[in-house]
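Engineer: Pasting a structure here, questions to come.
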Amino acid sequence: MELDPQNSLSAIQAAIDQARVLIVTYSFSVIGAILLLIVGFLAARLVERWVYAGLGQVSGFDMTLRRFFSKIARYMVLGLVIVMVLGQFGIQTASMIAAIGAVGLAIGLALQGTLQNIAAGIMLLALRPLRIGEYVEVGSISGTVEEIGLFATRLRSADGIYLLAPNSTLWTQPVKNFTRNGARRNDITVTIDNADDFDKIQATLTALAVNSPYVKETPAPDTFIAELGETTMSVTLRYWTTVPDFLFAKIELNKSVRKALNVKE
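Oh and the sequence shown: position 1 is 1 in UniProt numbering, straight run, nothing missing.
Written as structure tokens, this is what we have:
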């Protein structure tokens with residue numbers, strides 16, 4: 001079968017014309033997409049800086065949260081730009097967004113524990129039940145806070161052990177913060193005979209606390225009978241110190257009380 005040269009030339013010419021139309025059409029789309037990407041990346045960077053600077057104007061707003069929310073704002077802008085770029089080529093972005101949403105839901109379910117830690121980290125950084133440098137106790141975890149991250153919090157125990165606690169664990173349990181209020185109370189209780197001179201013992205113990213350089217003047221130290229038995233009574237010396245002086249005061253007064261009352265081992 002012989003080919004008709006005239007028909008072949010017509011087919012080639014039609015293909016060339018169609019290719020020319022496609023090149024012209026998609027060249028504008030490609031140029032538009034490139035421009036959108038450039039403008040979008042610049043806009044995302046500006047939005048990130050604006051959010052970061054704006055949150056910096058909020059008094060006490062945590063640095064980690066500033067970085068986190070500014071990054072989230074940037075990626076949201078970039079996501080919107082990518083959707084617009086795909087729209088330049090006639091891609092149905094609605095179905096793509098639905099698919100991305102479904103994938104995101106599946107990933108969220110798979111990483112449920114991780115997302116809980118992130119959410120807990122945001123709450124810890126926003127509400128600040130604990131801060132870096134504070135000594136806290138949360139359930140069986142206790143130590144000085146060294147770093148609060150989005151996933152976990154690093155602590156150092158009283159005996160120097162490294163602790164890494166998931167944020168969800170710290171957020172879902174009551175936090176006992178020994179540092180936050182700046183002052184701590186301590187009680188030293190001793191047992192004496194009912195026949196002993198309580199007034200003299202009271203004056204002695206109170207004087208020990210008053211004369212200690214670690215004990216606060218206000219509230220003033222006090223000594224009182226905490227419990228009264230048939231032959232003995234429990235006498236308590238109560239005093240307040242600053243947080244840094246708490247341990248020094250406890251060691252000193254325990255020794256002074258034992259010596260003053262001649263407490264035997």
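Even for Gly, the Cβ is constructed at its ideal location relative to N, Cα and C. None of the values given here were measured: they were computed from a predicted structure.
Would Y75 be called buried (16 or more neighbouring beta carbons within 10 Å of its own) or exposed?
Structural biologist: exposed
Engineer: Between the Cα of V235 and those of S142, A260, L205 and V51, spot the shortest distance and give me the residue it belongs to.
Structural biologist: L205
Engineer: I need the boundaries of the beta strand (DSSP E) containing I132, first residue and last residue.
Structural biologist: Note, I132: premise wrong, no beta strand (DSSP E); not H, not E.
Engineer: Select from N186, L124 and I201 the residue whose C-alpha is nearest the C-alpha of A165.
Structural biologist: L124
Engineer: So, does the region 38-55 touch the region 73-87, judging by three or more C-beta pairs under 8 angstroms?
Structural biologist: yes
Engineer: Determine which residues share a DSSP beta bridge with P166 and list them.
Structural biologist: According to DSSP, P166 bridges with A152.
Engineer: Beta carbon of S70, beta carbon of L55: below 9 angstroms?
Structural biologist: yes
Engineer: When you compare only the Cα positions, how much space is there between N254 and N186?
Structural biologist: 11 angstroms
Engineer: Is L3 helix, strand or coil when you go by DSSP?
Structural biologist: Because L3 sits at a pLDDT of 47, beneath the cut-off of 50, its placement in the model cannot be relied upon, and the point is left open.
Engineer: Please classify L155: is it buried, with 16 or more other beta-carbons within 10 angstroms of its beta-carbon, or exposed?
Structural biologist: buried
Engineer: If contact is defined by three or more beta carbon pairs under 8 angstroms, each pair taking one atom from either stretch, is the region 231-251 in contact with the region 192-212?
Structural biologist: yes
Engineer: Starting from the C-beta of F246, find all residues in its chain whose C-beta is less than 6 angstroms away, skip the five residues before and the five after it, and write them out in chain order.
Structural biologist: R184
Engineer: Mark N117 as exposed unless 16 or more other C-beta atoms lie within 10 angstroms of its C-beta, in which case mark it buried.
Structural biologist: Residue environment: N117 is assigned as buried (16 or more neighbouring CB atoms within 10 Å of its CB, all protein chains considered).
Engineer: Please state whether the Cβ-Cβ distance between E146 and R180 is less than 9 angstroms.
Structural biologist: no
Engineer: DSSP puts Y52 in a beta bridge; with which residues?
Structural biologist: Paired residue(s): none; Y52 is not in a bridge.
Engineer: Suppose you measure from the CA of L261 to the CA of E217; what does that come to, to the nearest Å?
Structural biologist: Here the alpha carbon of L261 sits roughly 23 angstroms from the alpha carbon of E217.
Engineer: Taking the beta carbon of P174 as the centre, do at least 16 other beta carbons fall within 10 Å, making it buried, or is it exposed?
Structural biologist: exposed
Engineer: Where does G160 fall in DSSP's three states?
Structural biologist: coil
Engineer: Take F151 and list the residues in its own chain whose beta-carbon comes closer than 8 angstroms to its own, dropping the five residues that flank it on each side.
Structural biologist: T114, N117, I118, G121, P166 and N167
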